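Counting with my numbering, you get residues 39 to 294 for the letters of the sequence shown. Where is the CB? At the ideal position from N, CA and C, for every residue including glycine. These figures come from a predicted structure and were not determined experimentally. Taking it in order: structure first as structure tokens, then the write-up.
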Amino acid sequence: MPDYAVVFDGVSKRFGSVWALRGLDLRVRWGSIYGLLGPNGSGKSTAMRIMLGVVDPDEGRVVVGGVDVVEDPIRVRRMAGYVPETPHLYDYLTGLEYLDFIGEVYGVPPRVRRERVEEFLKAFELKGRENELIQGYSRGMRQKIALIAALLHRPRILILDEPLSGLDPKSARLVKDLLNRLKDEGVAIILSTHILEIADALCDEVAIMYGGRKIAEGRPGELREEAGMPGSTLEEVFLKLTGGEDLRSVIEALTK
Ligand SMILES: Nc1ncnc2c1ncn2[C@@H]1O[C@H](COP(=O)(O)OP(=O)(O)O)[C@@H](O)[C@H]1O
Ligand SMILES: [Mg+2]
């Protein structure tokens, strides 16, 4: 197994005159939850699309599960599960039909796929709704179906763009518990969030993104200690570590 699940070396990406990412370096460990934390437009989704080979970087190198993403995006996608910010599901399929279809695409044998779908539907409290058309599902239900779809082939790397948005508190709890369980099984989880509290509660390591750059990185606990503020919130720590004033607007955007 390669040392790291995800490695970014000097990754930059430009859309027209906008640099979505500038010289991004990342190292994500197996069996950990890595958070990309930043306000809207800071480059989180672009970083995740680059991880999947959906978008190619203009500069730098990206290695996922030991595979260069630009060279072999298909192999990376087989290894990884991805839930985009706004998942596109098929409205005219039922939840069950959709999951069965995705399982087939990933080559999960029918019996295994049925078992896994059943297990997840129960865990996510979707049992009884699986034969309804996706069209009628709430945002939270769609979010959960997309997550189940991403997990059916048992990926070793899970990439989740704003995974808790649109979920009610109970579902958010279920997802958090699930992510912690997957992490304990050795899965590398990369998630993006614009909410400091989520990063603080869920992530082993956090990269703070701003304007396409990583402006701070570390374990929430370590960062607190380094700053000599053991009992404080991540917000206070980052204000101190990064000099405060000029970052206040970033922090405000993150806590909105
Ligand atoms: N496909 C695209 N075309 C043009 N600009 C894009 C595209 N994707 C992202 N951008 C721009 O790149 C920057 C970073 O966007 P994004 O990665 O979506 O940030 P985040 O997920 O942190 O909100 C933004 O300025 C955004 O407008
Ligand atoms: Mg985004």
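The alpha-carbon separation between G48 and L164 amounts to approximately 42 angstroms. Spanning the alpha carbons of M86 and G250 requires a straight line of approximately 12 angstroms.
Under the 8 angstroms Cβ criterion, the stretch 110–118 counts as touching the stretch 180–196, having at least three qualifying pairs. Taking 9 angstroms as the cut-off, the Cβ atoms of R99 and D110 do not count as close.
The three-state reading of DSSP puts S83 in helix, counting H, G and I together. Three or more beta-carbon pairs drawn from the stretch 153–168 and the stretch 182–190 are found closer than 8 angstroms, and the two stretches are therefore classed as touching. Under the DSSP assignment, L62 falls in the beta strand (DSSP E) whose first and last residues are V56 to V66. One alpha carbon belongs to H232, the other to L131, and they sit about 32 angstroms apart. The criterion of a C-beta distance shorter than 9 angstroms is satisfied by S50 and D96. From the listed residues L64, G174, L205 and V146, the smallest Cα separation to L127 is found for G174. Shown here for R257: same chain residues with a beta carbon closer than 8 angstroms to its own, the five before and five after excluded, namely D242, E243 and V244 in chain order. Leaving aside the five residues that flank L185 on each side, the residues in its chain whose CB is nearer than 6 angstroms to its CB run, in chain order, V121. Annotation: D215 to G141 spans about 23 angstroms, alpha carbon to alpha carbon. The distance from the Cβ of L229 to that of P207 is about 18 angstroms, inconsistent with a contact at the 8 angstroms cut-off. Put simply, of I227, E260 and E255 the residue whose alpha carbon is nearest the alpha carbon of L75 is E255. Residue environment for D138: buried (at least 16 other C-beta atoms within 10 angstroms of its C-beta).
Where K160 is concerned, the enclosing alpha helix (DSSP H) starts and stops at P148 to A161. A distance below 7 angstroms between beta-carbons, with the five flanking residues on each side excluded, links N169 to the following residues of its chain, in chain order: T132 and L134. DSSP places M247 in the uninterrupted beta strand (DSSP E) bounded by E243 to Y248. Secondary-structure assignment with DSSP links F46 through a beta bridge to L64 and V100. Following the DSSP letters along the chain, one finds E142 in no beta strand (DSSP E) but inside the alpha helix (DSSP H) bounded by residues G133 to V143. In the three-state reduction of the DSSP assignment, V108 falls in the coil class.
Residue range R251 to G256 is occupied by the beta strand (DSSP E) that includes R251. Distance from the CA of V56 to the CA of G81, rounded to the nearest whole angstrom, comes to 11 angstroms.
Note that the C-beta distance between A226 and Y72 is below 9 angstroms.
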